[in-house]
Each structure stands twice: as structure tokens, then as C-alpha cells.
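A short worksheet on the structure shown next.
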Amino acid sequence: MSCYHVPVLLDEALGFLSVEKGGVYVDATLGGGGHTLAILERLSYLGAGSLFSIDQDPEALAEAREAVKISGLSAGHVVFSAIRGNFADIVALLAEAGVSGGVDGVLMDLGVSSHQLDAAERGFSFRNDAPLDMRMNASADVPDAAWLVRNLSEMELERVLRDYGEERFASRIARAIVRERELNPITRTCQLASLVEAVVPVRGREVGKRRGGATKVIHPATRTFQALRIAVNGELAALEAGLAGALSLLKRGGRLVVISYHSLEDRIVKQAFKSRLGRCTCPPRSPVCTCGARAVLKELTRHPLTPTPAELERNPRSRSAKLRAAERL
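In C-alpha cells, the structure reads:
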């Protein structure tokens with residue numbers, strides 16, 4: 095399992111989750127299983143507890159079940175259950191699993207797992223040539239990225255790239271896609287990446303930081319691939335539903351820990367927490383509060399936590415991660 099996925103912000107996530115003996119916890123995004131194994135290890139040390147891990151990718155579920163079996167962490171009074179589904183349906187999935195009375199903690203590690211990025215055939219990355227797929231559940235009967243590239247109008251493509259990728263050259267890229275597909279079908283990752291690279295001006299390309307502070311030019315297709323992946327999997331709508339469901343499941347004192355990887359996700363998490371802090375929304379000069387604001391959450395992270403230099407050295411893919419946590423009142 096260690097080579098399948100490197101868990102991001104692991105110590106920080108476990109610290110805020112505050113796993114206790116006999117508690118009921120949910121890893122809402124099983125992914126590579128690194129966080130799941132760490133939570134189970136803590137429960138095993140304490141001697142009792144339950145963990146329900148959710149993922150829509152059957153490969154991730156199979157890998158996790160095998161890793162947990164080998165580890166021997168799920169034994170005695172420690173119960174582990176791997177559930178196939180989308181965390182947007184967290185309330186229904188846990189009800190089907192027999193969970194009643196709320197949970198003590200939920201962890202969400204958003205985005206795509208390292209394994210999905212490295213599995214060329216999944217089509218998430220432009221670093222390997224593969225079919226344009228990008229479905230997190232590869233067996234789902236939903237349009238893949240190639241379908242979107244083939245069927246969306248220029249205006250729709252521009253909107254996807256702008257809204258989900260925050261791509262400043264969305265119009266130019268959408269126009270190039272439509273022009274190219276009239277001549278040749280766009281079905282491969284490297285084909286799309288090359289097309290984007292050809293139309294994004296060199297002077298307009300983003301610069302990021304390498305380990306040690308050195309700079310590097312970010313591949314110009316990065317935001318295009320992010321946008322298509324989000325659109326294919328309905329990630330932002332799923333996140334909003336998943337956050338609402340998770341918060342509704344928390345017991346008093348229960349905690350929600352969320353790790354996001356881009357500003358769109360972080361903005362949704364921040365707003366979900368903010369809207370439940372009970373801050374008055376009445377006009378500043380109102381003599382009496384009439385909005386009825388009532389706090390149901392306590393924010394545990396005033397500002398999001400980011401990886402330490404040591405973690406960035408070990409795992410460069412963690413560079414964009416941000417962790418926010420809140421406690422149910």
C-alpha cells in the first residue's frame with residue numbers, strides 16, 4: 095500500500111481528527127488508503143473503534159481491503175468496512191452500512207489519487223499517452239473526457255475551462271479544440287496536451303516552485319486537464335453535497351477534516367465552514383439581530399495548513415494541499 099499512495103498531511107489530519115477509543119470514523123475518500131491505514135492503526139492501538147472508508151473506484155477498494163487484511167489492523171473490537179460509492183451520498187451509504195447515531199469524525203482527502211495519476215490507462219495525466227478518460231469510476235456509464243472534448247460547443251468548452259480550471263486562455267484553447275476536432279478526433283491525452291501547449295503563449299505560462307525554492311514552468315495543459323476531470327466527475331457538486339452530509343452526521347464534538355488541492359475546492363470548504371459559524375449577517379447598523387444566526391461549528395484552523403518543507407521534499411505532489419478542520423458544537 096505504501097507504494098500505491100503517499101498520504102498527504104497525515105500527521106496534521108490525524109491530529110485534528112482526534113481519534114478516540116470506541117469512536118466511529120469515516121474516511122470519505124479512501125483513494126490510496128494511506129489515511130485509512132493510519133486511522134486503523136490508531137484505533138488498533140486504542141483497542142476499539144469503527145472505520146468506514148468510501149470510494150467509487152473499485153481498484154482502490156480492492157487494494158485497501160487487501161492491505162487491511164495483510165496488516166491485521168481490523169481485528170477484535172476494531173471494525174473496518176470499505177464501501178463503494180460517491181462521498182456525495184455519504185448519509186445514504188452509511189445508513190446502508192448500518193451506521194446510526196452519528197459519527198465522531200470524517201476525513202476528506204479530495205482530488206485524484208497518486209495511483210490514478212500514475213495509471214496511464216486512466217487518462218488523468220498528460221505525462222503518459224493514453225485514452226482521454228478521467229473517470230474516477232472507470233466502469234461508470236457517464237461521459238468521459240474524450241466525449242466532452244468531442245461534443246461540447248466552443249462556448250461550453252470555454253466555460254468548463256474557465257470555471258473549473260480557472261484557465262486564463264480558455265477562449266483560445268476552446269477555439270483550438272473545436273478547430274482541431276473538425277479535422278481529427280481528439281482521443282488521446284498527449285494529443286490534447288500538445289494542442290494546448292501549441293496555443294498558450296510562452297510568456298503567459300505559469301511558474302511554480304520546485305523543492306528548495308527554485309522555479310519551474312508549469313505545463314500549460316495542467317489547468318485544462320483539471321477542468322475536464324472536474325467536469326467528468328462532477329467533483330464540485332459532489333463536494334458541496336458531501337460536506338453537507340458529513341456535517342449532518344457529526345456528533346457533538348465530532349470533527350471534519352478536509353484536504354483540498356486547488357482554490358475551487360478550498361473556496362467551497364471555507365464557505366461551508368463559514369456559513370455554519372453563526373456569524374451575524376444583519377446590516378452593520380441594525381440595533382437588534384434578526385438573521386437568527388446560530389453557530390453549529392467551531393473552526394479549528396483559522397488559516398489552512400500546508401505541507402512542511404520536509405513533506406514537500408518527500409512528496410512533491412503535496413505542494414498544493416491545504417487542510418481545514420472544524421468541530422461540531
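Going by this note's numbering, the sequence shown opens with residue 95, and the numbers climb by one from there.
We put the CB at the ideal spot given by N, CA and C, even for glycine.
Treat the numbers as computed from the prediction; the structure is a model and nothing was measured.
Is DSSP giving residue i helix, strand or coil here?
| i | result |
| --- | --- |
| P225 | strand |
| V113 | coil |
| F174 | strand |
| I184 | helix |
| M249 | helix |
| L399 | strand |
| G141 | coil |
| F388 | It is Arg, not Phe, that sits at residue 388 in the sequence shown. Here R388 sits in coil by DSSP. |
| G199 | strand |
| L406 | helix |
| Y98 | Here the model assigns Y98 a pLDDT of 49, short of 50, so the residue's position is not dependable and the matter cannot be decided. |
| A122 | coil |
| D238 | coil |
| L322 | helix |
Whole angstroms is fine: what's the gap from residue i's alpha carbon to residue j's?
| i | j | result |
| --- | --- | --- |
| F110 | A419 | 7 angstroms |
| V102 | S412 | 6 angstroms |
| E248 | D238 | 17 angstroms |
| L406 | G328 | 29 angstroms |
| L145 | G128 | 13 angstroms |
| R422 | S380 | 29 angstroms |
| D105 | E274 | 47 angstroms |
| R317 | E359 | 14 angstroms |
| E160 | D121 | 17 angstroms |
| T281 | A240 | 5 angstroms |
| E135 | S354 | 24 angstroms |
| Y119 | A268 | 43 angstroms |
| R266 | S165 | 51 angstroms |
| P377 | S342 | 29 angstroms |
| K364 | A264 | 26 angstroms |
| S175 | L155 | 10 angstroms |
| V200 | F181 | 11 angstroms |
| Y258 | I324 | 7 angstroms |
| N222 | R216 | 10 angstroms |
| S288 | E190 | 45 angstroms |
| E252 | Q320 | 14 angstroms |
| G117 | E157 | 24 angstroms |
| Y98 | E153 | The pLDDT assigned to Y98 is 49, lower than 50, so where the model puts this residue is not dependable; a value taken from the coordinates is nonetheless given after this. Distance between the alpha carbons of Y98 and E153: 11 angstroms. |
| P410 | P279 | 34 angstroms |
Considering only their Cβ atoms, is the gap separating residue j from residue i smaller than 8 angstroms?
| i | j | result |
| --- | --- | --- |
| C284 | F220 | yes |
| Q150 | G192 | no |
| L131 | V352 | no |
| E54 | S357 | Since the first and last residues shown for the chain are 95 and 423, residue 54 lies out of range. |
| V293 | R229 | no |
| G143 | V172 | yes |
| V197 | L344 | yes |
| I133 | L187 | no |
| A387 | T375 | yes |
| L417 | P403 | no |
| L322 | V272 | no |
| V243 | L286 | yes |
| K138 | R349 | According to the sequence provided, residue 138 is Ser. The question's Lys does not apply to it. Going by C-beta atoms, S138 is not nearer than 8 angstroms to R349. |
| I177 | A340 | no |
| I312 | R297 | no |
| E291 | A315 | yes |
**Request:** Tell me the start and end of each unbroken alpha helix (DSSP H) in the segment 253 to 320 that is at least 4 residues and wholly inside, in chain order.
**Result:** Counting only runs of 4 or more, we get 264 to 275 and 283 to 293.
**Asked** Taking only runs of the alpha helix (DSSP H) that begin and end inside the segment 337 to 379, which ones reach a length of at least 4 residues, in chain order?
**Response** For the segment 337 to 379, whole alpha helix (DSSP H) runs of length 4 or above, ordered along the chain, are 357 to 368.
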